[in-house]
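The opening residue of the sequence shown carries number 105 in the numbering used here; numbering runs sequentially from there. As structure tokens, the structure follows; a few thoughts come after it.
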Amino acid sequence: MDWSFLNLILIYLIFWVFQHIGTHLTIRNYIFGTSTFGMSIGALILLSHLLNGQMMIISLWLMKQYGIWASFLYAILSALGIGWIGRLARKIRTDMDHSETLIDLLTKRLSSKGTLFILGFLLIGSIQFFLLQGIWIGSIMEKLFSVPYGLTVAIFFLAASVLAGLGGFDAIRKMSILQMTFVLFVAMFLPISIFLRKGIDTTFQELQHIPHLLAPLKWEDSTVFSIILIITFFSWITDISLWQRFFSIKPAKISSSFNLAAFSWFSLSMAFVTLNLFTATEGFAINIFSLPAYLVAKKHHLILLLFMLSVFSVLMMTWMTRLQAFTSLFLVIRGRYSKHSRDIIQEGYFFSLGIGFFMFLFSLLFKQEEIDTIHFMIVWNMVIGISLFVVLFTLYFLKIIKIVKNEQSLAKKSQKE
């Protein structure tokens with residue numbers, strides 16, 4: 105087989121993603137790219153941040169514990185929450201139009217120590233995302249395809265660190281557009297392909313033999329459901345990469361971009377639940393391994409390939425967007441103490457590769473079979489969520505001395521200038 109054509113395509117893709125090779129890349133270009141975006145591109149970029157492994161785990165766990173109506177309600181309320189975050193983002197852009205990064209937003213309210221404290225807090229809250237994305241894909245590949253766990257997570261973290269760390273936001277933008285277009289195609293193609301093979305009526309009749317999946321959501325289950333929903337919102341609100349991205353969308357298009365992303369998120373969530381509902385009628389357990397295990401058993405190789413590529417791309421893009429956001433903040437902080445942008449960007453490369461290396465080492469300590477993922481996420485997000493509420497309450501209402509800049513100090517500073 106002649107590999108020259110494929111090599112040319114690979115080289116073209118590398119230079120398309122890393123267009124800054126051989127040019128002088130500024131810190132601003134690394135963080136924001138070279139242009140702002142409208143509704144459609146903005147929605148795809150936002151969706152690449154909102155769609156992650158946590159959505160897959162929570163949707164399946166709710167369906168397993170409380171039935172399909174719980175997953176359906178979770179998808180609707182989460183989509184409404186995305187729309188609400190969009191309204192909040194538009195207000196922030198309107199009130200602080202000259203802000204370009206989360207650093208600018210924080211420094212308007214906090215001192216330098218307070219800003220670093222909040223950034224450190226957000227970094228701690230992101231550890232579970234940095235870890236779990238690689239753990240999930242490594243566990244799936246090891247259990248279903250006998251690929252060594254360490255090899256999978258090594259490739260995952262290395263590829264994500266290189267693409268996000270060296271590529272900057274332009275690389276994230278280009279790959280997120282391709283990734284979400286592919287994921288949306290797979291989300292439409294897979295349910296149609298699978299249900300046409302068996303038929304919707306036959307599937308529904310077999311579903312009658314699993315009554316707990318069709319049971320309505322009980323009132324006594326609302327407490328757990330509410331906690332899960334709050335966890336989802338806290339994970340989005342504390343997602344530093346999501347905050348970073350809406351500064352790159354045109355202010356007039358922020359709300360419409362979030363609304364379109366919310367609709368797409370709901371559609372993808374329901375497609376994922378529907379596929380796993382089908383595997384439940386085939387006697388497979390409801391978990392993250394059920395759908396690929398079913399496709400392996402039925403030898404649907406093309407569908408399996410499309411599904412695994414979409415899952416891998418979703419988990420990797422989630423990891424890349426958050427890593428690029430933290431690398432960008434690192435560059436902004438370093439840029440305050442140095443004027444040599446080229447040297448600072450090189451430090452950012454090592455920063456992103458260092459995070460990838462340490463996450464790889466930590467991921468070797470865990471495996472999907474050895475931890476209860478949903479309990480881990482619940483406890484971790486409750487701690488982060490409650491702590492974040494206390495911090496925000498302190499910052500915006502109590503005005504702690506030496507952390508928050510009060511209005512009088514700002515007035516005195518402006519008078520001196």
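All C-beta atoms in this analysis are idealised placements derived from N, C-alpha and C, irrespective of residue type, glycine included. Just so we're clear, the structure is a prediction, and the values are computed from it rather than from any experiment.
Whole-angstrom distance between residue j and residue i, CA atom to CA atom
{"i": "Phe261", "j": "Met424", "result": "9 Å"}
{"i": "Glu324", "j": "Thr130", "result": "55 Å"}
{"i": "Ala375", "j": "Lys217", "result": "45 Å"}
{"i": "Leu235", "j": "Ile314", "result": "34 Å"}
{"i": "Ile341", "j": "Arg191", "result": "13 Å"}
{"i": "Leu317", "j": "Met279", "result": "37 Å"}
{"i": "His404", "j": "Leu300", "result": "13 Å"}
{"i": "Gly387", "j": "Leu311", "result": "10 Å"}
{"i": "Ser352", "j": "Leu346", "result": "11 Å"}
{"i": "Gly271", "j": "Ile459", "result": "16 Å"}
{"i": "Leu248", "j": "Ile189", "result": "38 Å"}
{"i": "Ile475", "j": "Ile161", "result": "Any reading at Ile475 must be qualified, since the residue scores a pLDDT of 48, below 50, and its modelled position is unreliable; no value is offered."}
{"i": "Phe286", "j": "Leu372", "result": "12 Å"}
{"i": "Lys357", "j": "Lys402", "result": "45 Å"}
{"i": "Ile407", "j": "Phe382", "result": "14 Å"}
{"i": "Ile222", "j": "Ile437", "result": "13 Å"}
{"i": "Lys354", "j": "Ala183", "result": "21 Å"}
8 Å Cβ cutoff met for residue i and residue j
{"i": "Met412", "j": "Gln283", "result": "no"}
{"i": "Gln237", "j": "Leu419", "result": "yes"}
{"i": "Met167", "j": "Ile390", "result": "yes"}
{"i": "Phe273", "j": "Gln428", "result": "yes"}
{"i": "Gly242", "j": "Thr256", "result": "yes"}
{"i": "Ile172", "j": "Val377", "result": "yes"}
The alpha helix (DSSP H) enclosing residue i, as first and last residue numbers
{"i": "Ile468", "result": "Checking the sequence, you will find Leu at residue 468 rather than Ile. Where Leu468 is concerned, there is no enclosing alpha helix (DSSP H), given that its DSSP letter is neither H nor E."}
{"i": "Leu318", "result": "Pro315 to Leu318"}
Cβ-based neighbour list, residue i, same chain, cut-off 7 Å, excluding 5 preceding and 5 following
{"i": "Ala365", "result": "Ala147, Leu150, Leu151, Leu154 and Ile186"}
{"i": "Leu502", "result": "Low confidence applies to Leu502: its pLDDT is 47, below 50, so where it sits in the model is not reliable, and the reading given next is rough at best. No residues qualify anywhere along the chain."}
{"i": "Leu435", "result": "Ile131, Tyr134, Ile135, Ile448, Ile449 and Gly452"}
{"i": "Thr431", "result": "Gly269, Gly452, Phe455 and Ser456"}
Spatial neighbours of residue i in its chain, beta-carbon cut-off 6 Å, leaving aside the 5 residues before and after
{"i": "Asn156", "result": "Thr422"}
{"i": "Arg194", "result": "Ile358 and Ser359"}
Same chain, Cβ closer than 8 Å to residue i, neighbours up to 5 away in sequence not counted
{"i": "Leu294", "result": "Ala375, Leu379, Ile407, Leu410 and Phe411"}
Legend entry - alpha helix (DSSP H) runs wholly inside the region 146–188, at least 4 long, in chain order: If one requires a minimum length of 4 residues, the alpha helix (DSSP H) runs lying completely within the region 146–188 are 157–170, in chain order.
Inset, instruction - Could you name each continuous alpha helix (DSSP H) segment of 4 residues or more that falls completely within the region 329–413, going from the start of the chain to the end? - result: Whole alpha helix (DSSP H) segments, 4+ residues: 344–349, 358–385 and 394–402.
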